[in-house]
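Below: the structure, in structure tokens.
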Amino acid sequence: MNVFRALLAGTLLCIPSAQGAELRIGLAADVTSMDPHFLNFAPNVNIGWHVFDALTHVDEDARLIPGLAVSWRALDATTWEFKLRRGVRFHDGSELTAEDVVFSIERTLEVPNGQFRIFTRRIVGKESPDPYTLRLKTATPYAMVPYDLNSVFVVSKRAAARARPEDFDSGKAMIGTGPFRFLRFSRGDRVELAKNERYWGGAPPWDKVTFRIVPTDPARLAGLLSGDLDLIEQVPTADLQRIRRDARLATAQKVSWRTIFFHLDQRRDGGPFHDLRVRRALSKAIDRQAIAERLMDGAAIPASNLVSPPVFGYAPDLKPEAFDPEGARRLLAEAGYPDGFAMTLSAPNNRYVNDEQIAQAVAQMLARAGIRVRVETFPLNVYLTKGAKGEFAFAMLGWGSFSGDLALRALVATPDPSKGFGAFNWSGYSSARVDELLERAFASVDDKRREEIAREAMRAAMRDYAVIPLHHQVTTWATRKPLAYAPRTDEFTFAHHVRAK
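Here the sequence shown is numbered in my numbering, starting from 888 and rising by one per residue.
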């Protein structure tokens, strides 16, 4: 596997020195809410990391590192202790204490329809022996507390008490400890931020950052070429060669933790996807290598797991399904579908790299195996709502996680809100074996043992075709020289990590 580690470089035409001025970033997907505990949606979370902070961070390679907590340890099988950084200040000047962390954890459970409670439901007790120490208790042994809390932004109790999502959108409650202060959110257009001079990690190099929401690929690229944008994310693969030939521009790529896959509806009685042979047939009918090489111009790796090769819990012995349309036809006939069947393939049209084109290509491949496919695509905000309601039979989704067991927990575990299981299990797949393995993995504080169990769970789910993995994205950023950006496995675009070379 080739892991691209090139640095991103670019320029601001109107500002020779670049740093200390305004940075203009073109985002590939809409930002729908500023509330850090409402919608667990990557573009929203990306903005959240600029204004807020979490107890733990991850580095460019998705490894867990200290954040607002300088250290953490398991005191016993059900108690985790976190030591907070001293002297961290919110944007209003007040000091961060354990009281703010406790409030933030509790708020995830109280926000109506909030999607971050899956990360805090296991916590049954909270203690603060002093303002800089936090002890969290779980009912049963649970090793994932430091990982889960990477997804819980810490807000100011004073600013966010009784705050609703609209209070964050207006800026009233947008008081964090992150590298930037909130200025303005214009829905569907932009988010504006200003430098936090007192950021504990060091003041960022930009006085102001404007995130422009530009979901269409041609418009985003046009903004970069015209000088209206300084950096864009999710560069269309068809434009890679053009950008690389332009002396004013540069690109950076990295294998993402995001895996593109398909959910298959296994909830409706009598549906074809209840039969393992049908699920396997659909997998065999897809030419992953052709998609990676031709449609993605090499910016994808055929997938066999729900996490990419560098990620904890990846099972290397699983190999991508070989393209075998004749084998697919035989399996369909064995399952009672010698003439195939009709279905609808659903996908977003403005979220993943080449998502709509991939949907059309897969439909054509399935047709060769005798399956009559109608393709429907939607903007992401509509698509996610429909998927959560179970309206899709065969649906594309992309997912990124810093461990295989966490990805399985969200995507294929039997839905159980009390455990945070199955939050994005659109297919209704259920396996007592996979669920049991996940519980064992989460109970182990021995990382080596936990990874062994996580790999076993991955094998069980993938050999059961719980979902059909397609490919791991290779994410591309582009910029105008002479900026530099270290590309991230998690695909986030952090303004405070952009530097002028």
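Note that beta-carbon positions come from the ideal geometry of N, C-alpha and C, so glycine has one too.
Assuming A1179 contacts H937 under a Cβ cut-off of 8 Å, what Cβ separation, rounded to an integer in Å, is found between them? The beta-carbon separation of A1179 and H937, rounded to 32 Å, does not stay under the 8 Å limit for a contact.
Do you know offhand how far A1387's Cα is from W1093's? 10 Å
With DSSP run on the structure shown, which of helix, strand or coil describes T1064? coil
Close-in-space but distant-in-sequence residues of the same chain around G1214 (CB under 6 Å, 5 per side omitted): K1171
Do you know offhand how far M1031's Cα is from E1221's? 42 Å
Neighbour-count burial assignment, K1335, 16 or more Cβ in a 10 Å radius: exposed
Which whole runs of the alpha helix (DSSP H) in the segment 972 to 1033 are 4 residues long or more, in chain order? 985 to 997
Under 8 Å between the Cβ atoms of G837 and V1198? Lying before the first or after the last residue shown, residue 837 is absent from the chain, which here runs from 888 to 1388.
Does DSSP classify E1079 as helix, strand or coil? strand
Own chain partners of N889 with C-beta closer than 7 Å, once the 5 adjacent residues on each side are dropped: Residue confidence is low: N889 scores 35 on pLDDT, short of 50, so the model does not pin down where it sits. No coordinate-derived value is stated.
In this structure, what does DSSP give as the bridge partners for I1147? G1285 and H1358
Are the beta-carbon atoms of P1033 and W1144 separated by less than 8 Å? no
Taking 8 Å as the threshold (C-beta atoms), are P1207 and P1189 in contact? yes
Cβ contact (3+ pairs, closer than 8 Å) linking the segment 1318 to 1325 and the segment 1336 to 1348: yes
Using only the alpha-carbon positions, how far apart do T1231 and G1110 sit? Rounded to whole angstroms, T1231 to G1110 spans 35 Å at the Cα level.
Using the Cβ count rule (16 or more neighbours within 10 Å means buried), how would you classify S920? buried
At 4 residues or longer, what runs of the alpha helix (DSSP H) sit wholly inside the segment 1103 to 1190? 1104 to 1113, 1127 to 1132 and 1163 to 1171
Does the distance from the CB of A1134 to the CB of T1363 come in under 8 Å? no
Would you tell me roughly how many angstroms separate the C-alpha atoms of P1028 and S1331, rounded to the nearest one? Answer to the nearest angstrom: the Cα atoms are 8 Å apart.
Taking three-plus beta-carbon pairs below 8 Å as touching, is the segment 1305 to 1312 in contact with the segment 1154 to 1166? no
For H944, the first and last residue of its enclosing alpha helix (DSSP H): Careful: H944 lies outside any alpha helix (DSSP H), inside the beta strand (DSSP E) at T943 to V945.
Environment of Q1128 [buried if 16+ CB atoms lie within 10 Å]: exposed
Taking A1382 as the reference, which of H924, P1266, N927 and G935 has the closest Cα? Closest by alpha carbon: G935.
Between which two residues does the beta strand (DSSP E) carrying A1373 extend? It is not in any beta strand (DSSP E) - A1373 carries neither H nor E in the DSSP assignment.
Using a Cβ-Cβ cutoff of less than 6 Å, which residues in the same chain neighbour V998 once the five nearest sequence positions on both sides are dropped? Excluding sequence neighbours, V998 sits near H924 and F925.
With DSSP collapsed to three states, give me the class of M921. DSSP places M921 in the coil class of the three-state scheme, outside both helix and strand.
Can you tell me the Cα-Cα spacing of L1151 and I1340, whole angstroms? 25 Å
Coarse secondary structure for D963, derived from DSSP in three states: strand
Is the beta carbon of P930 sitting closer than 8 Å to the one on D917? yes
Given R1045 as reference, the closest of G980, E1079 and V1078 once Cα atoms are compared: G980
A941 beta carbon less than 8 Å from that of V1039: Going by C-beta atoms, V1039 is nearer than 8 Å to A941.
Please report the distance separating the alpha-carbon of T1264 from that of P1102. If you draw a straight line from the Cα of T1264 to the Cα of P1102, it is about 15 Å long.
Please go through the same chain and pick out, in chain order, the residues whose beta-carbon is closer than 6 Å to the beta-carbon of F1006, but skip the five residues on each side of it. D1035, S1038 and V1039
Local Cβ density within 10 Å of G1063, reported as buried at 16 or more and exposed below that: buried
Is it buried or exposed for L1193, if we count other Cβ within 10 angstroms and need 16 for buried? Looking at its Cβ environment, which holds 16 or more other Cβ atoms inside 10 Å, L1193 is buried.
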